[in-house]
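Chains as they are written, first to last, in the numbering used here: chain A, 28 to 383; chain B, 28 to 383.
Idealized CB from N, CA, C, for every residue including glycine.
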């Protein structure tokens, strides 16, 4: 049913690929199946899309509900380790992640749901702290968690708590953004420095201390997106670069739109502390998760307006132009400071597990 | 925002109780906080509703989204152990549970979401089997899983896999059911024998063999509910008696509506195999979970029509009248075969963990 369902920007609307690639060589689930990279894409296409889909190309994080006008639906599971990290916790993350998936569809959030899987023995005070964070983030986003569920599993069958949030949002009349809509000539913007969230979680998990503390960028971006769409209603693509980071999100868009995206290495904002930490840890900040950044791809005549709108908002103060869309076949190219170009592919295997 | 949001029948719409009872004496999460009984109710009121709610009485499993006409929203986490059991598996359960929460709001399902938490090492073949079950159950219900998410946690941080499903549904014009709507004089019906699901899961988990195999009743009830509402549009309450069983669901309704519910012990259908197994295990079938049954509370003039509609459907073939609503203060009374009456309270503590 609902054969006319269309896709909107976000992480995995379940729609069947033409030739599902079953991950036959993988007999068991690996940590890398959850990290946003190549193996995860194969699992989603081979197992979920092949069985639950209906014949349209997948790729976006939210799906439009055909029977309901301009309503979109999205869901996310949160398993971040540790539960509390600099700049946020699993509760703030669960609300922001879902609000941002809706925002990336151009939608204003209408309602959220939250389901909790609690490990026996979790201190109630920690649960209360997490739920307080959810409430604060929801207030900031101007949305409510209107229904929920709670399950408890025995000690050792979860890790403190996991939260799944779903969201319903409404796309305003006149707004039409999609991961499939990038066009050659379009300008690629990002709303601020990348890599903060992943490094903040990793540093707390591993007990690393850096000279400058690294704090997660976790924030609800629905207000920022509304400002961008008001200033530049012709924006083609919005996408929040979470798991797998900027490089993975751009790869998804390039594939969905059947274009190439060229990024200027020097233009991608990375905080010095994050750059140093990545250097030390052997990580590429372009692949590190963000939870409060938005990629905006706009036609050239509206790029300035979109950039100004981003920069005028506190959450987009560090926005910059980082590249352009060109003719091509689903690839992302990085133009280095030296003028050379290299392919910025989806990574295979495990960069950072349990980052969200 | 959305101060005019109203509640519809189902498991925990987050709305603030007047005096949240914080479970102060409980310092850590216990398994019993997840079993549908008294402790869980206290956790929901004290932690979730107090922090996420808005000032209306909680109680239903779905919540109406004020901004969206007659749309309802619901969510559930599924952590059943074992993942595969007689009559179903976690995938079938995840779809049916959410479809049935929507059905209990009188809503037809529009779309489902599914988020997966996978334990590293889970055989891909088991995941495929679960997703196949989800697809089959969704087809049976005439709904689609349109978006999803996948996270992987290290070995020992989950138990094979957990699934959270959310659902959006639409309440047809003219339908108005709610856990608050039971009235003295109403007739209480149940769509068939109770306790099958809980016993089926428990027997597989514990390796128990009974003379007659006990099979879960797990099934999507949206078609059955549509038939009942077509025949008896004035039905007051629908509720699927899942965790905590029939007794817990009736207690919720009695409290929400501020009435008493009197049940005739002899009229409650229980399969002989389930009755024998409960006797052996020291369980009360009235508190054992169902996943394919519906409580229907109808005004007396439409009770016959509702019962006929139930009995005409394969999934309601065993429907019977089990009691009546009377004046009272949120209590459920059981009238025994001997003519005595006893209070059928919410249970405190752990009857059956991880049953859904």
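- Only buried fits residue 177 of chain A, as 16 or more other CB atoms lie within 10 angstroms of its CB.
- Any Cβ of chain A closer than 7 Å to the Cβ of residue 151 of chain B would place that residue at the interface, and such an atom is present.
- In the DSSP annotation of this structure, the continuous segment of the beta strand (DSSP E) that includes residue 136 of chain B starts and ends at 135 to 146.
- For residue 77 of chain B, the closest alpha carbon among the candidates A:264, A:156, A:352, A:311 is that of A:156.
- Within the segment 305 to 379 of chain A, the runs of beta strand (DSSP E) at least 3 residues long that lie entirely inside it are, in chain order, 322 to 325, 347 to 353, 359 to 362, 368 to 370.
- In this structure, the alpha-carbon of residue 318 of chain B lies about 20 Å from that of residue 90 of chain B.
- With respect to residue 134 of chain A, residue 99 of chain A sits close: the two C-beta atoms are nearer than 7 Å.
- When Cβ-Cβ separations below 7 Å define contact, residue 117 of chain B makes no contact with chain A.
- Between residue 352 of chain A and residue 255 of chain A, the gap from beta carbon to beta carbon reaches 7 Å or more.
- Note on residue 365 of chain A: under 16 other CB atoms within 10 angstroms of its CB, so exposed under the neighbour-count rule.
- Listed along the chain, the chain B residues whose CB falls inside 8 Å of the CB of residue 315 of chain A amount to none; the nearest CB is some 17 Å away.
- C-alpha of residue 346 of chain B to C-alpha of residue 183 of chain A: approximately 41 Å in a straight line.
- Contact between the segment 137 to 149 of chain A and the segment 216 to 236 of chain A is absent: fewer than three C-beta pairs spanning the two stretches fall below 8 Å.
- The C-alpha of residue 336 of chain A lies about 38 Å from the C-alpha of residue 234 of chain A.
- With a cutoff of 7 Å on beta-carbon distance, residue 152 of chain B and residue 119 of chain B are scored as not near each other.
- Taking a cut-off of 8 Å on C-beta distances, the segment 294 to 308 of chain B does not touch the segment 199 to 216 of chain A, as fewer than three cross pairs fall below it.
- With fewer than 16 other Cβ atoms from the protein chains shown falling within 10 Å of its own Cβ, residue 199 of chain A counts as exposed.
- Put simply, the backbone Cα of residue 253 of chain B is about 12 Å away from that of residue 127 of chain B.
- The continuous stretches of beta strand (DSSP E) do not include residue 383 of chain B, and DSSP gives it neither H nor E.
- Closest by C-alpha distance to residue 109 of chain B, out of B:225, B:283, B:301, B:296, is B:225.
- Less than 7 Å divides the Cβ of residue 141 of chain A from the Cβ of residue 175 of chain A.
- Listed along chain A, the residues sitting closer than 7 Å to residue 193 of chain B by beta-carbon distance are 102, 140, 193.
- Distance from the CA atom of residue 202 of chain A to the CA atom of residue 260 of chain A, rounded to whole angstroms, is 7 Å.
- For residue 175 of chain A, the pairing in a beta bridge is given by DSSP as A:141.
- Annotation: the segment 195 to 280 of chain B contains the following complete segments of the alpha helix (DSSP H) (minimum length 4 residues), in chain order: 223 to 233, 249 to 258.
- Boundaries for residue 71 of chain B: no alpha helix (DSSP H) harbours it, and the DSSP string shows neither H nor E there.
- In this chain, the beta strand (DSSP E) harbouring residue 103 of chain B covers 98 to 105.
- Secondary structure at residue 299 of chain B: helix, using DSSP grouped into helix, strand and coil.
- A distance of 7 Å or more separates the beta carbons of residue 258 of chain B and residue 162 of chain B.
- Taking C-alpha positions only, residue 210 of chain A is separated from residue 125 of chain A by approximately 27 Å.
- Within chain B, no residue has its beta carbon less than 8 Å from that of residue 344 of chain A; the closest one is some 27 Å off.
- If you draw a straight line from the Cα of residue 56 of chain A to the Cα of residue 181 of chain B, it is about 10 Å long.
- At a cut-off of 7 Å between beta carbons, residue 75 of chain B contacts chain A.
- Taking the C-beta atoms as reference points, residue 342 of chain B is found nearer than 7 Å to residue 246 of chain B.
- Scanning B:361, B:148, B:65, B:284 for the CA closest to the CA of residue 60 of chain A turns up B:148.
- Non-local C-beta neighbours of residue 293 of chain B in its own chain, meaning closer than 6 Å and more than five positions away in sequence, comprise 364, ordered along the chain.
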